[in-house]
Amino acid sequence: MRTPTTGRTPTTGRTPTTARALDELLAGARLVDLSRTLEEGMPTYPTHAKYFQNRWLAMGDVARMNQLVLGEHTGTHVDSPCHFPVRGPHADMSVDELPLTALTGRCATVTVDPPPAPDEMVGPRTLLDWEERHGSLRSGDVVLMNFQWAHTRWGLHEAGFAHLDGWPGIARETAELLRERTVRAVGTDCVSLDSGDGGRGELPAHYVLLSAGVLIIENLANLDRLPPLCFFLAFPLRIAHGTGSPLRAVAVVDGGQ
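Just remember that my numbering sits 73 ahead of the position in the sequence shown, which is counted from 1.
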């Protein structure tokens with residue numbers, strides 16, 4: 074029903090059905106923060122910009138504030154397709170062009186156990202074994218690769234060098250299988266989804282996935298706290314022409330899990 078004077082639906086004070094359902098669902102859920110704290114001395118990809126936080130003093134202003142100096146790929150972040158010189162319909166897609174649903178969806182956490190060796194490129198058998206236990210990956214899934222790497226190696230300054238020394242990644246065949254499954258995004262607890270030696274210099278994960286519009290999430294935290302299936306959501310900053318963006322990534326887990 075619409076009022077004849079304004080054409081607007083009258084306000085009843087009732088929460089819309091979808092919002093009410095979400096409110097009830099989240100009330101019984103557990104939220105797991107998957108993002109790294111932004112702080113000076115945190116590990117970054119060797120060729121990428123470092124993070125700095127400078128105290129900013131303004132004469133006559135009692136408010137406290139800081140100036141942040143950081144790269145688009147600082148901390149927990151997403152790679153947009155334009156981050157690499159890929160070909161295809163997604164080649165020039167920047168982070169500000171991503172839809173709000175780009176990083177929301179069912180989340181499959183694939184734990185590589187035993188943990189891979191340094192520079193190892195994990196093959197598709199790991200994904201196939203996961204599917205045998207938990208069911209097939211679905212189109213639109215967010216797949217998180219838990220290499221069990223960061224929780225013993227992440228640190229500040231020199232302590233974080235271990236995180237940047239020979240991290241594992243996925244092989245080309247694994248990236249091709251994920252592309253075949255038409256997943257939405259693939260994440261890792263390492264500094265890159267390609268291994269520390271760049272996938273033998275070819276960076277297959279980035280080229281295979283980004284060219285297909287599959288986003289890449291790097292430097293995730295707390296993947297060991299996730300069940301095999303849950304819900305994932307994260308939102309990048311709306312950076313014009315951005316090749317990537319820091320994220321606040323969150324997993325929604327059933328309260329009993």
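Glycine residues also receive a C-beta, built at the ideal position from the N, C-alpha and C atoms.
Please name the residue or residues paired with residue i in a DSSP beta bridge.
| i | result |
| --- | --- |
| T177 | L306 |
| S318 | V151 |
| A324 | V105, F305 |
| E112 | DSSP output for E112 lists no bridge partner at all. |
| I290 | V151, G260 |
| T225 | Paired residue(s): none; T225 is not in a bridge. |
| V195 | I243 |
| T184 | N219 |
Would you check if the distance between the CB atom of residue i and the CB atom of residue j is smaller than 7 Å?
| i | j | result |
| --- | --- | --- |
| L320 | T149 | yes |
| D262 | L229 | no |
| T315 | V168 | Note on identity: in this sequence residue 315 is Gly, with Thr being the wrong assignment. Yes. |
| S268 | M166 | no |
| A322 | C180 | no |
| A333 | R103 | Residue 333 lies beyond the stretch modelled for the chain, which goes from 74 to 330, so this question has no answer here. |
| R257 | G213 | yes |
| L299 | T225 | no |
| V135 | V326 | no |
| G317 | D152 | yes |
| L250 | L200 | yes |
| P189 | F220 | yes |
| R254 | L210 | yes |
Taking the alpha helix (DSSP H) that residue i falls in, what are its first and last residues?
| i | result |
| --- | --- |
| R277 | A small correction: the amino acid at residue 277 is Pro; Arg does not occupy that position in the sequence shown. 277-284 is the extent of the alpha helix (DSSP H) around P277. |
| W203 | 198-207 |
| R128 | Per DSSP, R128 belongs to no alpha helix (DSSP H); it is in the beta strand (DSSP E), 125-129. |
| R93 | 90-100 |
With a CB to CB cut of under 6 Å and the five nearest residues on each side skipped, what residues in its chain are close to residue i?
| i | result |
| --- | --- |
| L36 | As displayed, the chain neither begins before 74 nor continues past 330, which places residue 36 out of reach and without an answer. |
| G260 | L217, I290, L293 |
| M74 | Unreliable placement is indicated for M74, whose pLDDT of 36 sits below 50; no coordinate value is reported for it. |
| F157 | H279, L283 |
| G161 | S284 |
| T177 | L306 |
| W203 | V183 |
| H207 | P301 |
| T174 | none |
| W222 | W240, D262, C263 |
Identify the continuous beta strand (DSSP E) that holds residue i and give its terminal residues.
| i | result |
| --- | --- |
| E246 | Not the beta strand (DSSP E): E246 falls in the alpha helix (DSSP H), residues 245-253. |
| T261 | 258-261 |
| Q140 | 138-142 |
| V215 | 215-219 |
Return the chain-ordered list of same chain residues with a C-beta closer than 7 Å to the C-beta of residue i, the five sequence neighbours on each side being excluded.
| i | result |
| --- | --- |
| Y118 | H146, V264, S265 |
| L237 | P116, P119, V264 |
| Q140 | N127, W129 |
| M138 | W129 |
| G196 | A244, E246, T247 |
Whose C-beta lies closer than 8 Å to the C-beta of residue i among residues of the same chain, with five residues either side of it excluded?
| i | result |
| --- | --- |
| P191 | D238, G239, W240, P241, G269 |
| G101 | D327, G328 |
Measuring only from the beta carbon, is residue i closer than 6 Å to any heavy atom that is part of the ligand SAM?
| i | result |
| --- | --- |
| A102 | Here there are no bound small molecules, and the ligand SAM is not part of this structure. |
Report task. Say whether the stretch 131-142 touches the stretch 88-104, bearing in mind that this needs 3 or more beta-carbon pairs closer than 8 Å, one atom from each stretch. Result -> Per the Cβ contact rule, the stretch 131-142 is not in contact with the stretch 88-104 (fewer than 3 Cβ pairs under 8 Å).
Query raised in the report: Is there contact between the stretch 278-287 and the stretch 296-315, where contact requires at least three CB pairs shorter than 8 Å?
Result: In short, these stretches do not touch, since the Cβ pair count stays below three.
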